[in-house]
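For the sequence shown, counting from 1, position 29 maps to 955 in our numbering; every step adds exactly one.
All residues carry an ideal CB built from backbone N, CA and C; glycine is no exception.
Bear in mind that the values here come from a model prediction, so they are computed numbers and not experimental data.
Report on the structure given below.
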Amino acid sequence: MDDSAFTLFIGFGALWTVMGIVAVIALLKADGQKIRFGKWGLVVAVPIILPLLAAFIFAIAQRTP
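Here is the structure:
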């Protein structure tokens, strides 16, 4: 039960992240724009996503007994 606060924190963080992504997509679709990712979209997204994934994997590996 010591990890319940950590689990809630990660759960709410993931929920807010998903809600933010859905909100951005909804705003773009409401304006009639196409959703597409080009080279510059990947240049921005990859440096954000890779460290997050690495941190999550590291945290999972360290917490596993």
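Integer-rounded CB distance, given that residue j should sit under 8 Å from residue i
{"i": "I961", "j": "L954", "result": "6 Å"}
Residue i, enclosing alpha helix (DSSP H) - first and last residue
{"i": "G946", "result": "930-956"}
{"i": "F982", "result": "965-989"}
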